[in-house]
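Participant: Mind having a look at this structure? Questions to follow.
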Amino acid sequence: MFDDLQLRRYAGNPPHGGVLQDLLARDEFIADKLREEAETLPDIILTERQLCDLELLTNGGFSPLEGFMNEADYTSVVDNLRLANGVLFPMPITLDVSQASIDALSIVPGARIALRDFRDDEPLAIITVEDIYKPDQVKEAVQVFGADDPAHPAVAYLRNKIHAFYVGGKVQAIQAPSHFDYVALRYTPAELRSHFKKLAWRKVVAFQTRNPMHRAHRELTVRAARQRHANVLIHPVVGLTKPGDVDAFTRVRVYQSIMEKYPNGMGHLALLPLAMRMAGPREAVWHAIIRKNFGATHFIVGRDHAGPGKNSQGKDFYGPYDAQELVTKYRDELQIDMVPFQQMSYIPATDEYQPADEIPAGVQTLDISGTELRRRLKTGAPIPDWFSYDAVVKTLRESYPPRNKQGFVLFLTGLWNSGKDNIARALQVTLNEQGGRSVTLLLGETVRQELSAELGFSREDRHTNTQRIAFVAAELTRAGAGVIAAPIAPHELSREAARETVLSSGGAGGNFFLIHVATPLAYCEKKDRKGVYAKARRGEIKGFTGVDDPYEVPKKADLTVDVSTQSIPEIVHSIVLLLETNGLL
Numbered sequence: 001m002f003d004d005l006q007l008r009r010y011a012g013n014p015p016h017g018g019v020l021q022d023l024l025a026r027d028e029f030i031a032d033k034l035r036e037e038a039e040t041l042p043d044i045i046l047t048e049r050q051l052c053d054l055e056l057l058t059n060g061g062f063s064p065l066e067g068f069m070n071e072a073d074y075t076s077v078v079d080n081l082r083l084a085n086g087v088l089f090p091m092p093i094t095l096d097v098s099q100a101s102i103d104a105l106s107i108v109p110g111a112r113i114a115l116r117d118f119r120d121d122e123p124l125a126i127i128t129v130e131d132i133y134k135p136d137q138v139k140e141a142v143q144v145f146g147a148d149d150p151a152h153p154a155v156a157y158l159r160n161k162i163h164a165f166y167v168g169g170k171v172q173a174i175q176a177p178s179h180f181d182y183v184a185l186r187y188t189p190a191e192l193r194s195h196f197k198k199l200a201w202r203k204v205v206a207f208q209t210r211n212p213m214h215r216a217h218r219e220l221t222v223r224a225a226r227q228r229h230a231n232v233l234i235h236p237v238v239g240l241t242k243p244g245d246v247d248a249f250t251r252v253r254v255y256q257s258i259m260e261k262y263p264n265g266m267g268h269l270a271l272l273p274l275a276m277r278m279a280g281p282r283e284a285v286w287h288a289i290i291r292k293n294f295g296a297t298h299f300i301v302g303r304d305h306a307g308p309g310k311n312s313q314g315k316d317f318y319g320p321y322d323a324q325e326l327v328t329k330y331r332d333e334l335q336i337d338m339v340p341f342q343q344m345s346y347i348p349a350t351d352e353y354q355p356a357d358e359i360p361a362g363v364q365t366l367d368i369s370g371t372e373l374r375r376r377l378k379t380g381a382p383i384p385d386w387f388s389y390d391a392v393v394k395t396l397r398e399s400y401p402p403r404n405k406q407g408f409v410l411f412l413t414g415l416w417n418s419g420k421d422n423i424a425r426a427l428q429v430t431l432n433e434q435g436g437r438s439v440t441l442l443l444g445e446t447v448r449q450e451l452s453a454e455l456g457f458s459r460e461d462r463h464t465n466t467q468r469i470a471f472v473a474a475e476l477t478r479a480g481a482g483v484i485a486a487p488i489a490p491h492e493l494s495r496e497a498a499r500e501t502v503l504s505s506g507g508a509g510g511n512f513f514l515i516h517v518a519t520p521l522a523y524c525e526k527k528d529r530k531g532v533y534a535k536a537r538r539g540e541i542k543g544f545t546g547v548d549d550p551y552e553v554p555k556k557a558d559l560t561v562d563v564s565t566q567s568i569p570e571i572v573h574s575i576v577l578l579l580e581t582n583g584l585l
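Position one of the sequence shown corresponds to residue 1 (full-length UniProt numbering), numbered consecutively onward.
Pasting the structure below:
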């Protein structure tokens with residue numbers, strides 16, 4: 001409990017549901033008892049997303065929630081954007097577990113389970129299990145994200161990483177997750193409300209972003225604040241964002257630079273450890289609730305707010321103003337005023353930014369799209385002063401090495417004895433000959449021996465092996481290395497999960513190319529001097545890909561090759577051309 005109940009009901013804008021939840025054991029004696037109990041309990045190691053969710057549950061950012069949703073709340077949120085008690089809440093906050101974990105940990109109603117940080121194994125909280133339920137995840141995808149389309153990052157996450165069961169129950173927090181970066185910029189809702197109170201800020205316009213900020217964003221937020229006689233809270237997400245986004249460290253340095261451009265005393269920067277879902281309209285309502293809990297009175301909602309981009313048919317997942325319309329629909333319950341984000345355009349004649357819809361027809365304007373900005377950063381092309389600030393551009397250039405210095409992953413997949421290893425070795429030699437970056441091989445049998453010796457060849461073990469390869473590849477490519485991986489990887493789900501891992505964790509090196517070595521099965525068997533296929537045909541080897549375990553042909557290969565019709569030099573040349581075409585060589 002907070003000592004100052006008035007702070008928890010801060011008059012600037014009361015928290016969602018009326019009271020700011022605080023799940024952390026503030027009394028040292030109680031915290032020690034919980035910590036001792038946690039050491040005797042079965043435990044769940046939290047994923048990065050679950051860790052972000054727990055932190056905002058613990059500090060009240062997700063008020064009025066007191067834990068991970070039970071089935072009644074989950075179902076109501078998915079169907080109606082409301083908790084079972086009728087309170088508006090648009091996003092399911094769930095703790096997923098596998099059937100194996102349920103059995104091994106004896107997870108039953110009434111059980112107490114410790115929740116541990118995956119980074120340091122510290123016990124963060126104890127959940128008292130209320131129920132265990134199996135959700136309809138296809139329905140969740142359609143209702144929450146608008147479609148069961150894996151082109152949506154949250155749907156891909158739901159399909160590839162979320163376990164089949166959810167555990168609901170209230171949480172008692174022992175300690176907050178530890179942070180060693182930008183500690184002075186991290187606030188709980190209570191701390192930020194206290195900060196606003198000390199500064200006598202009665203109106204606060206919150207700005208959500210997962211991208212670097214430039215002059216247009218500064219002009220937009222200053223304009224919004226001045227029109228409402230308010231102050232500005234720059235509240236960027238530093239948890240999980242969209243795969244391929246600029247990394248949080250670079251973005252925070254950008255935000256720190258741009259805060260110097262605000263009028264003295266107008267703005268404040270605070271970081272939000274949120275795991276975004278990119279759920280468009282629902283996410284905008286969720287973001288508004290979170291900012292309300294942090295004490296904001298106004299919230300800027302942009303065009304296609306929290307949209308993930310294009311679906312598998314090449315169309316936007318959401319309409320450009322769907323998010324603004326849904327926030328407007330619930331404004332009486334949200335009790336936070338929406339500030340519609342209008343695109344800001346630069347007018348050279350007056351050297352100023354104005355909302356696009358307020359600029360008279362015929363007036364010349366200038367804009368640089370996000371795509372064009374990334375092109376200029378990658379190619380070293382100039383970025384004009386009217387678009388951004390020197391300090392911001394300098395920071396971004398440090399994090400955007402030239403394309404030919406970025407890492408990449410060439411992921412070769414195909415049947416056993418299809419020629420993957422020969423291609424990979426020849427390709428490594430060719431790339432090393434050219435120089436410019438280190439090139440690492442992750443061959444299937446080598447990985448099995450060194451990283452996955454304990455794994456078998458079940459579908460689950462194959463998936464785990466592929467994800468280990470993807471993890472190592474992402475770490476290497478983020479540091480600028482070229483990686484050639486050559487597992488069999490027979491399943492589409494595992495290959496796409498590997499792609500997602502590299503794209504989301506590879507930083508500037510998140511360049512992933514799936515190469516299908518489509519050598520026919522008959523040719524692979526014909527060239528099998530070890531007789532492995534023959535043993536599989538006789539039943540001496542079980543679960544052998546191409547014999548009694550099917551190989552799923554890739555749906556989205558970046559290149560298809562075949563050693564039965566092409567020579568190794570020809571194939572290597574085609575892969576080199578692929579890299580050259582993408583500016584990586």
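Every residue, glycine too, gets a C-beta built ideally from N, C-alpha and C.
Kindly identify the DSSP beta-bridge partner or partners of leucine 412.
Facilitator: Ile515
Participant: Taking the Cβ atom as the reference point for each residue, do valine 205 and arginine 228 lie within a distance shorter than 8 Å?
Facilitator: Result yes, Cβ atoms of valine 205 and arginine 228 sit closer than 8 Å.
Participant: How far does the beta strand (DSSP E) with proline 281 in it reach, from first residue to last?
Facilitator: Segment 281 to 293 is the alpha helix (DSSP H) holding proline 281; no beta strand (DSSP E) there.
Participant: Taking its Cβ as the centre, do 16 or more other Cβ atoms sit within 10 Å of glutamate 540, making it buried, or is it exposed?
Facilitator: Glutamate 540 comes out exposed.
Participant: What's the C-alpha gap between valine 576 and phenylalanine 471?
Facilitator: 24 Å
Participant: From leucine 23 to glycine 168, what does the alpha carbon distance come to, in whole angstroms?
Facilitator: 16 Å
Participant: Considering only residues of the stretch 288 to 349, which uninterrupted beta strand (DSSP E) runs meet the minimum length of 3 residues and lie entirely inside it, listed in chain order?
Facilitator: 298 to 301, 337 to 340 and 344 to 347
Participant: Please determine, among Val87, Gly267, Tyr389 and His179, the residue with the shortest C-alpha to C-alpha distance to leucine 65.
Facilitator: Val87
Participant: Let's see if you can read the secondary structure: which residues bound the alpha helix (DSSP H) around residue 616?
Facilitator: The question about residue 616 has no answer here: the residues shown for the chain are numbered 1 through 585.
Participant: Helix, strand or coil, according to DSSP, for alanine 557 in the structure here?
Facilitator: coil
Participant: Cα separation between aspartate 4 and proline 15?
Facilitator: Any reading at aspartate 4 needs caution, since the residue's pLDDT is 41, under 50, leaving its predicted position unreliable; the model's value is listed next. The straight-line gap from Cα to Cα measures roughly 15 Å.
Participant: Tell me which residues share the same chain as proline 153 and place their Cβ nearer than 7 Å to its Cβ, disregarding the 5 neighbours each side in the sequence.
Facilitator: Lys242, Pro243, Met278 and Pro308
Participant: Out of Glu450, Asp562 and Asp136, which has the shortest C-alpha to C-alpha gap to histidine 163?
Facilitator: Asp136
Participant: Quick one: complete beta strand (DSSP E) runs, 3+ long, within the stretch 236 to 260?
Facilitator: Complete beta strand (DSSP E) runs here, min 3: none at all.
Participant: Near arginine 459, which residues of its chain fall below 7 Å by C-beta distance, leaving aside the five closest residues on each side in sequence?
Facilitator: His491
Participant: Let me check one thing: in DSSP terms, what residues is alanine 173 bridge-paired to?
Facilitator: Leu24 and Ala125
Participant: Go through its chain and collect everything with a Cβ distance to threonine 365's Cβ below 7 Å, but skip five positions before and after it.
Facilitator: Ser345, Tyr346, Ile347 and Ile359
Participant: With H, G and I counted as helix, E and B as strand and the rest as coil, what does DSSP make of isoleucine 565?
Facilitator: Note on identity: in this sequence residue 565 is threonine, with isoleucine being the wrong assignment. Note: threonine 565 maps to coil in three-state DSSP.
Participant: With aspartate 117 as the anchor, note down where its alpha helix (DSSP H) starts and where it stops.
Facilitator: Neither: aspartate 117 is in no alpha helix (DSSP H) and is coded neither H nor E.
Participant: Residue 586 by DSSP, collapsed to three states: which one?
Facilitator: The structure shown has nothing for residue 586, since the chain only spans 1 to 585.
Participant: Mind checking who leucine 521 pairs with in its DSSP beta bridge?
Facilitator: According to DSSP, which records beta bridges pairwise, leucine 521 is partnered with nothing at all.
Participant: Just the Cα atoms here: how many angstroms apart are glutamate 37 and threonine 466?
Facilitator: 37 Å
Participant: Alpha carbon to alpha carbon, how far is proline 281 from glycine 302?
Facilitator: 11 Å
Participant: Closest to glutamine 208 by CA distance: which of Lys170, Asp148 and Leu272 is it?
Facilitator: Leu272
Participant: Reducing DSSP to helix, strand and coil, say where glutamate 552 ends up.
Facilitator: coil
Participant: When DSSP labels each residue in this structure, what does aspartate 4 get in the three-state scheme?
Facilitator: The pLDDT assigned to aspartate 4 is 41, lower than 50, so where the model puts this residue is not dependable; a value taken from the coordinates is nonetheless given after this. The answer is coil: DSSP assigns aspartate 4 none of H, G, I, E or B.
Participant: Rounded to the nearest angstrom, what separates valine 547 and threonine 501 at their Cα positions?
Facilitator: For valine 547 and threonine 501, the gap between their C-alpha atoms comes out near 29 Å.
Participant: First and last residue of the alpha helix (DSSP H) that includes threonine 446?
Facilitator: Where threonine 446 is concerned, the enclosing alpha helix (DSSP H) starts and stops at 444 to 450.
Participant: Mapping the DSSP letters down to three states, classify isoleucine 93 as helix, strand or coil.
Facilitator: coil
Participant: Taking DSSP as the reference, what is the three-state secondary structure of arginine 529?
Facilitator: coil
Participant: Give the DSSP-derived three-state secondary structure of isoleucine 488 in the structure shown.
Facilitator: coil
Participant: Which whole-angstrom value is the C-beta distance of threonine 413 and histidine 516, which I expect to be below 8 Å?
Facilitator: 6 Å
Participant: Identify which residue in Ala474, Glu475, Ala473 and Arg448 has its Cα closest to the Cα of arginine 462.
Facilitator: Measuring from the Cα of arginine 462, the nearest candidate turns out to be Arg448.
Participant: Quick test of your reading: alanine 296 and isoleucine 336, contact by CB under 8 Å. State the CB separation rounded to the nearest angstrom.
Facilitator: 6 Å
Participant: Could you have a look at threonine 440 and say whether DSSP puts it in helix, strand or coil?
Facilitator: strand
Participant: In the DSSP output, what is phenylalanine 180 paired with across the bridge?
Facilitator: Answer by DSSP bridge pairing: none, since phenylalanine 180 is not bridged.
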